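Numbering (the numbering used here), first residue to last: 420 to 957.
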Amino acid sequence: MSVPAPERGGRRRIPFRRVVLPLRAARQSDFPASGAPHAPEIAGMPYAPSILKIVITTLLFPLPAAIGAARGQMPVIPGEQRSFPAPDIDRQWQKEQNEALERARRRRAPRGESPAAPVLNDAAVAANSAVAELILETALQHQDWDTIERVLPLYAGHPRHDRQLYRFVKGAMLRARWRLGPAIDLYRQMLDADPTLNNVRFDLAVMQFENKSYSQAKRQFLLLADNPREPLFRELSLNYLKRIAERARPSLNLTADLLHTDNYNQGSDVEYIYLWGLPFRNNNRRQSSSGQSLFVTLEQDVNLAGNHFLGYSAYFNALNYARDNHYDERTALLGLDYQYQSLRDTFSVGPVYTYRRLGGESYARDVGLSASYGRWLTPRWQAALGYRLLDRRYYRQPIGELYDGKIAIHSLNLMRAVSNRFLLYGGVFHEREKLGAADVSSRQSGVNGGFTYIAQGGLDVRMQLRFGRKRFDEENAFFGVRRRDAVTRLALRLQYRPWTFQGITPRLVYQREKTTSNIPAFYGKSSNQLMLSFSKEF
């Protein structure tokens, strides 16, 4: 958070009257005497010791050069510091007043005892705007937001308080606490009062960028980029404008996979199936094959205004097996959604459509609605809710008579950002399939979890595990028992980031799925798949 600094080659441009305060404001009459032998006494809830030490030292003794230097070098933007001159005050007069004040204190102190220090309480701060300003400015430098939160109401109650200083400090506190909306409003008020505060304008634009209000941030960055008097702000603004343009462009991803699977037909290992006590040879035993797949994904989020977006996504997948093309798959997905995006919240809702082909023929289609909501609870914790409602129809009969129906999926997940390189997540889900036949309709509940870890050298490891129990509504028509399945899915992905050539990233992916059923001859199965993937972003 930057502090407004002087314009180059001109007069000092800051939004408040005082930066280094005249110590004349700290007279003996401003504070009641205290019986404390050495350290200052704090009435009520204590102020932060570091802030108190600086304030009391400044009030009782001549301003040290180190403190003066620190107060004159407040950060404007990351990586840069600016200095601005203090107000013109008579330093010799200030020194004489402080020396006289110190002699008077020593004369009043009993012999052999240290002079009494003043009491600094809320009443004293509220009665003296200069003291409140000194506390606020020092607390801002130390990012002591608790002290700022306590002192701001006291300072605002003073009839001579500086509104620009109040807005600036309160905006900095709100920004540090992830309340960007109110902070943005305060900075807008500062610019309405003084449009020449370019560093405030830059902070405002950065906050709007962080809050995903890209169209508003773009307007502020354009104003700064057109200002030749601020070359640094111009350069930084051009960089932000480039990032805004990149986020507004469509995102195209191409991924090609070489794969091998040991069960492409979703068969079982059982050689014979027994129905009504009679053995039947299983003609759907597991088959293995190599293959290739191609994924094409196109996505774009268009910032309509403020935090409102319109997004679309298109996805296509072609999967071919070398051994049997009757199981070749084609999948196309289209989605359109309204989105609300901010620093902490993300909400989306919209229709989805999926079309699938199997073995060169139309197989099934889904039409439905998808919605999601995510919120950062803290800088380390995020919660996410998901919901999807689908109407599924099969093109083949009699499959359609049995399996046409509605599918509803609910999910709740929590993510923990352990560090910038390590993410953990987990959650629960529930799926309801209400299909044409009751014995294939089901409810499934389960848990999922995983992690993402990026090592210092560039090794990227991602793992996801999902387990669910599936219970069917009625007894199976052939076996006379209600079917119950336990489904486990595991996905593991490895990537070494330095191994990237011409923007193409290789990855190694392993997937395993296992279904344990109380009707194992028909529904018990497992599969393992290994893929070498090559991906490129455009």
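Yeah, the Cβ is synthetic: ideal placement off N, Cα and C, and Gly gets one too.
Bear in mind the structure is a predicted one, so any value in this text is a computation, not a measurement.
According to DSSP, residues forming a beta bridge with residue i
i      : result
PRO770 : LEU788
LEU678 : GLY710 and MET950
ASP904 : LYS889 and SER936
ASP810 : VAL786 and LYS825
HIS745 : In DSSP, HIS745 forms no bridge with anything.
LYS944 : THR934
TRP918 : For TRP918, which the question treats as bridged, DSSP gives no partner whatsoever.
GLN801 : TRP795 and MET834
TYR691 : ARG700
GLY754 : SER732 and VAL771
HIS759 : The sequence given here places Tyr at residue 759; His does not occur at that position. In the DSSP output, where bridge partners are listed per residue, TYR759 has HIS727 and PHE766.
ILE923 : PHE920 and LYS955
ARG653 : DSSP lists no partner for ARG653.
Contacts around residue i, its chain only, beta-carbon distance under 7 Å, and the 5 residues preceding and following it disregarded
i      : result
TYR691 : PRO698, PHE699, ARG700 and ASN701
SER632 : GLY725 and ASN726
ARG902 : PHE891, ASN895, SER936, ASN937, ILE938 and TYR942
THR994 : Here the chain covers residues 420 to 957 and nothing more, so residue 994 does not appear.
ALA612 : GLN583
Residues of its chain near residue i, where Cβ-Cβ distance is below 6 Å and the 5 sequence neighbours each way are ignored
i      : result
GLN883 : GLY869 and ALA910
ARG653 : ALA644
VAL928 : ARG912, MET950 and SER952
PHE957 : LEU671
TRP795 : ARG763 and GLN801
ALA636 : ALA624, GLN627 and PHE628
SER709 : HIS679 and ALA741
VAL786 : TYR772 and ASP810
TYR574 : ALA551 and HIS580
ALA675 : LEU713 and PHE953
ALA489 : Reliability of the predicted coordinates at ALA489 is poor, the pLDDT of 33 falling under 50, and no value is obtained from them.
ARG776 : ARG749 and TYR782
LEU959 : The first residue shown for the chain is 420 and the last is 957, placing residue 959 beyond what the model contains.
TYR792 : PHE766 and LEU804
SER732 : GLU718 and GLY754
MET592 : TRP564 and ILE567
ARG704 : GLY686
PHE898 : ILE938
ASN947 : ASP681 and ARG931
GLU649 : ASN617
Other residues of its chain near residue i: CB distance less than 8 Å, five sequence neighbours each side excluded
i      : result
SER707 : HIS679, THR680, ASP681, ASN682, TYR683 and ARG742
ASN630 : LEU599, GLY600, ILE603, ASN726, SER761 and LEU762
LEU821 : LEU854, GLY855, ALA856 and VAL859
GLU780 : TYR814 and ARG815
ALA874 : ARG840 and VAL880
ILE923 : PHE953, SER954 and LYS955
VAL900 : GLU894, ASN937 and ILE938
PRO669 : LEU717, GLU718 and GLN719
Proximity below 8 Å, CB of residue i to CB of residue j
i      : j      : result
TRP597 : LEU762 : yes
THR750 : THR716 : no
LEU571 : LYS589 : yes
ARG642 : ARG662 : It should be pointed out that residue 642 corresponds to Leu in this sequence rather than to Arg. Taking 8 Å as the Cβ cut-off, LEU642 and ARG662 do not qualify as a contacting pair.
GLY846 : ASN832 : yes
SER767 : ALA737 : no
PRO770 : LEU788 : yes
ASP879 : GLN914 : yes
GLN863 : LYS825 : no
SER806 : HIS829 : What sits at residue 806 in the sequence shown is Tyr, not Ser. Their beta carbons are under 8 Å apart, which means TYR806 touches HIS829 by this criterion.
LYS944 : SER687 : yes
LEU660 : PHE640 : yes
ARG799 : ARG835 : yes
8 Å contact criterion, which residue i and residue j should meet: CB distance rounded
i      : j      : result
LEU673 : LYS955 : 5 Å
ASP393 : GLY778 : There is no way to answer for residue 393, as the model of the chain reaches only from 420 to 957.
ILE567 : LEU584 : Contact flag wrong, Cβ pair sits at about 11 Å.
GLN758 : GLY730 : 5 Å
TYR734 : LEU752 : 4 Å
LEU559 : ARG586 : The pair is not a contact, with the Cβ atoms about 13 Å apart (cut-off 8 Å).
PHE920 : THR907 : With a Cβ gap of about 36 Å, PHE920 and THR907 do not count as contacting.
ALA940 : VAL689 : 5 Å
GLY877 : ARG916 : 4 Å
ASN744 : ALA667 : With a Cβ gap of about 41 Å, ASN744 and ALA667 do not count as contacting.
Check: residue i C-beta below 7 Å from any heavy atom of the ligand PLP
i      : result
LEU599 : Among the components modelled here there is no ligand, and therefore nothing to report on the ligand PLP.
Which residue spans inside the stretch 834 to 894 form an unbroken beta strand (DSSP E) run of at least 3? You should have 841 to 854, 861 to 873 and 878 to 894.
Contiguous alpha helix (DSSP H) assignments of at least 4 residues, all confined to the stretch 555 to 579: Whole alpha helix (DSSP H) segments, 4+ residues: 564 to 575.
Pick out the complete alpha helix (DSSP H) segments inside the stretch 611 to 658, 4 residues or longer, and give them in chain order. Secondary structure in the stretch 611 to 658: the alpha helix (DSSP H) runs of 4 residues or longer, each lying completely within the stretch, are 617 to 629 and 633 to 644 in chain order.
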